[in-house]
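Residues in the sequence shown are numbered from 135 upward in steps of one, following our numbering. All C-beta atoms in this analysis are idealised placements derived from N, C-alpha and C, irrespective of residue type, glycine included. Encoded as structure tokens, the structure appears first; notes follow it.
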Amino acid sequence: MCQFKEILKKEGSLQFSNPKLVSVTFTLNKNHILQLKERVRTKQVEEGKPSYPLSSFVVSCAYAWRCLVKAREYDGDIRQCFGSPVDWRSRMRPPIPSNYFGNCLGTFLSELKAVQVLGKNGIEMAAMEIGKSIDGLAGMDLGETLEAGIDKYLELVRSRLLTIAGSPKFRVYEVNFGWGRPVKVEVTSIVETGAMSCL
135 MCQFKEILKK EGSLQFSNPK LVSVTFTLNK NHILQLKERV RTKQVEEGKP
185 SYPLSSFVVS CAYAWRCLVK AREYDGDIRQ CFGSPVDWRS RMRPPIPSNY
235 FGNCLGTFLS ELKAVQVLGK NGIEMAAMEI GKSIDGLAGM DLGETLEAGI
285 DKYLELVRSR LLTIAGSPKF RVYEVNFGWG RPVKVEVTSI VETGAMSCL
């Protein structure tokens, strides 16, 4: 422990984060989530759009995506991309055997122009696009999907890509190592990747 303290004393020996970045936690309560869901449902009905999954995760991500695009002051036809890890076990073709033990994570990617995300119905459009992207994973060939996903990611990594680190489905707040459940979980890799943690 003493050696570690000595290392910390040396100026510039460990860079914990970019000094230009600020990390902050936002909480959407149940009423916020319900209001967002209602807005998107109303828009889906008005436009006769297909009803894609409208989970708390989908509307929260749509809201965060819009806020980030607005904060970064993107506009016009600048392409905006949003991606997140998803559990592919129930979505894959060929299906995974029922006795499979482990995880099987893939990603989904959604794209919109900045003007669409920032428009009057930007949250609704973003939520519908995210829902469509998730819904579109069902029954896809794993090999084809992975190959296309890698190519797509390499193309999008040079554009304005917002990704999610973690997932509410990982249930990290239910973990108990004998000290009780965690009060707050931090995903430290987001400092380097610029991703958003959603747990």
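| Check | Outcome |
| --- | --- |
| The ligand GDP heavy atom lying under 8 Å from the CB of D275 | For the ligand GDP, the structure offers nothing, since it holds no ligand at all. |
| Residues of its chain near K171, where Cβ-Cβ distance is below 6 Å and the 5 sequence neighbours each way are ignored | L188, V193 |
| Nonlocal neighbours in the same chain, by C-beta distance under 7 Å from R173, ignoring five residues either side | I257, E258 |
| D221 - DSSP class collapsed to helix/strand/coil | strand |
| First and last residue of the uninterrupted beta strand (DSSP E) at E181 | Looking at the DSSP string, E181 is not in any beta strand (DSSP E); the run it does join, the alpha helix (DSSP H), is 164 to 181. |
| Element boundaries [alpha helix (DSSP H), containing G256] | 256 to 269 |
| Residues near L246 in its chain [Cβ-Cβ closer than 7 Å; skip 5 each side] | Q214, M259, A260, E263 |
| Inter-residue CB distance, Y208 and R223 (contact presumed, cutoff 8 Å) | About 35 Å; that fails the 8 Å criterion. |
| Rounded distance between the beta-carbons of R200 and V251, thought under 8 Å | 5 Å |
| F242 beta carbon less than 9 Å from that of G273 | no |
| Separation of G265 from E289, as counted between CA atoms | 22 Å |
| Cα-Cα separation between G328 and K183, rounded to whole angstroms | 32 Å |
| Close-in-space but distant-in-sequence residues of the same chain around G270 (CB under 8 Å, 5 per side omitted) | F242 |
| Sequence-distant residues of the same chain with beta carbon closer than 8 Å to K286, five excluded per side | L243 |
| Extent of the continuous alpha helix (DSSP H) run through L202 | 190 to 205 |
| For A196 and V249, the rounded distance between their alpha carbons | 14 Å |
| C-alpha distance - S323 paired with L296, whole-angstrom precision | 14 Å |
| Residue burial classification, E326 (beta-carbon count within 10 angstroms, cutoff 16) | exposed |
| I268 classed as buried or exposed, judged by whether at least 16 other C-beta atoms fall within 10 angstroms | buried |
| Environment of F138 [buried if 16+ CB atoms lie within 10 Å] | Annotation note: pLDDT 38 at F138 (below 50); position unreliable, no value reported. |
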